[in-house]
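Taking this note's numbering, the leading residue of the sequence shown gets 1131, the next gets one more, and so forth. Idealized CB from N, CA, C, for every residue including glycine. Being a predicted model, the structure only gives us computed values, none of them experimental. A short write-up of the structure that comes next.
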Amino acid sequence: MAQEDTNVIDQPEVLKPRMVTVEIAGKKYKVPEGITIIKALWYSGQEVVRGAGCLGGFCGACAAYYRTKDDPKVRTCLACQMAVQDGMSITMMPPFPARKATYDIQTLKDPKQDLFNLYPEAPLCRNCNACTEACPQKIDVREGVWKAVFG
């Protein structure tokens, strides 16, 4: 006797994730309950490259606006940290162009010390590569930090 083909539809309810409805940029989607907003965006087919950073709640790149079903107040959160709720409305904050800093290399007296003043954690790098592994932009962060610190 051939083994029956099983799929998610035939599985017991206990194995299926509970789905909730969220509104993303004005369109409704069903997503698994309890996942983060950023995962809900990916689950619903949104391509999020800009607006996703460390995914650990540190960099702030995934700032979002949201409103819950029973509260008209618009709130802010980090999409990598906030779990979706049924009836939640979500909009990612548009990237805000930063003012580009200009440097006159000839006027810097001690470029390495200037770097350490701006980024005091740079000389503490242990070359573990976690920053590069976490970067969804696929930037080799470790190499950049290592070269800046050690030349």
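CB contact flag (residue i, residue j, <8 Å)
i       : j       : result
Ile1174 : Tyr1196 : What sits at residue 1174 in the sequence shown is Ser, not Ile. Cβ atoms of Ser1174 and Tyr1196: not closer than 8 Å.
Ala1194 : Gly1164 : no
Val1271 : Ala1252 : no
Ala1170 : Val1161 : yes
The beta strand (DSSP E) enclosing residue i, as first and last residue numbers
i       : result
Tyr1173 : Here Tyr1173 belongs to no beta strand (DSSP E); instead the alpha helix (DSSP H) covers 1167 to 1173.
Buried versus exposed call for residue i [16 or more other C-beta atoms within 10 Å across all chains shown]
i       : result
Thr1166 : buried
Cys1210 : buried
Ile1168 : buried
Ala1132 : Residue confidence for Ala1132 is low, a pLDDT of 47 falling below 50, so the modelled location carries little weight and cannot support an answer.
Cys1258 : exposed
Ala1191 : buried
Extent of the continuous alpha helix (DSSP H) to which residue i belongs
i       : result
Leu1248 : 1241 to 1248
Inter-residue CB distance, residue i and residue j (contact presumed, cutoff 8 Å)
i       : j       : result
Cys1184 : Ala1264 : 5 Å
**Study point:** Segments of 4+ residues assigned as alpha helix (DSSP H) that fall wholly inside the segment 1144 to 1209
**Key:** 1167 to 1173
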